[in-house]
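Student: So the sequence shown is numbered by the numbering used here: it starts at 65 and just counts up by one. C-beta: ideal position from N, C-alpha, C; glycine also. These numbers come from a predicted model, not from an experiment.
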Amino acid sequence: MTAKQEILAELDRVNMRATVPRVKLLEIMRHDAGLAEKKGPGAGARHFTVDYLFKRMMDLKVDVGLATVYRVAQQFTEVGILKEARFDNDRVVYELNDGRQHDHIVCLNCGAVDEFFDPTLAARQNAMAEQLGYMLAGHQMALYGYCSMCRPKPMNSAQKGKPAGREKR
Ligand SMILES: [Zn+2]
Ligand SMILES: [Zn+2]
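1. Compare the C-alpha of Met-93 against each of Glu-159, Met-213, Thr-83 and name the closest.
2. Taking all protein chains shown into account, do 16 or more other C-beta atoms lie within 10 angstroms of the C-beta of Leu-196, making it buried, or fewer, making it exposed?
3. Might you give, ordered along the chain, the residues of its own chain that have their beta carbon closer than 7 Å to the beta carbon of Arg-86, omitting 5 neighbours on each side?
4. Would you list the residues whose beta-carbon is nearer than 5 Å to any heavy atom of ligand 2, in the order they occur in the chain?
5. Check for me: the beta strand (DSSP E) holding Ile-169 runs from which residue to which?
6. Between the alpha carbons of Ala-69 and His-95, how many angstroms are there, rounded?
7. Taking the alpha carbon of Cys-211 as the reference point, which residue from Ala-201, Leu-130, Val-177 has its own alpha carbon closest?
8. What does the Cβ neighbour count give for Lys-88, buried or exposed, with the cut at 16 atoms within 10 Å?
9. Let me check understanding here. Comparing Cα to Cα, which of Arg-77, Tyr-134, Ile-71 lies closest to Met-121?
10. Taking 8 Å as the cut-off, does the segment 143-154 touch the segment 198-212 (at least 3 CB pairs, one atom from each stretch)?
11. Give me the DSSP bridge partner(s) of Arg-150.
12. Need the endpoints of the beta strand (DSSP E) that Val-177 sits in, please.
Have a look at this one:
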């Protein structure tokens, strides 16, 4: 099956008509997430804002409004094709729902989102819910910080390798 056929089959499975915005949105997300996969950990481009998806649609000359992109993302989330994550800094991102449980870490400077899964942490979270008498129905945990690109560099690293006193001759 081609990627396009897979998308059409998925829409059919959830009884959604294959409109252009729906098909294009999934094509873009699968394509860009695939690129991130190849770049390896830290690439962080599996999580997309509506603004980003809208911009990609514009790049591909898809005639669609921002509100439609938002509505399609919402519809896909309702039927489980996408997962939505809302973070403290008012960022909402969407990702393809591959059924893997994971947690997120968000950069407070550039908004990068990375994900991780720690079985020990997951087991502890489940144990805590059990202990409090809860039956778990959802899961969302996010850490906040500064990514490897944005975190402050050690003060003297820029100076290293520079001949001492060069400026003064
Ligand atoms: Zn960053
Ligand atoms: Zn994620």
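Tutor: Looking at the coordinates:
1. Glu-159
2. exposed
3. Leu-75, Met-80, Val-136
4. Glu-159, Glu-179
5. 167-171
6. For the sequence presented, residue 69 should be read as Gln rather than Ala. Answer to the nearest angstrom: the Cα atoms are 14 Å apart.
7. Val-177
8. buried
9. Tyr-134
10. yes
11. Val-156
12. 177-180
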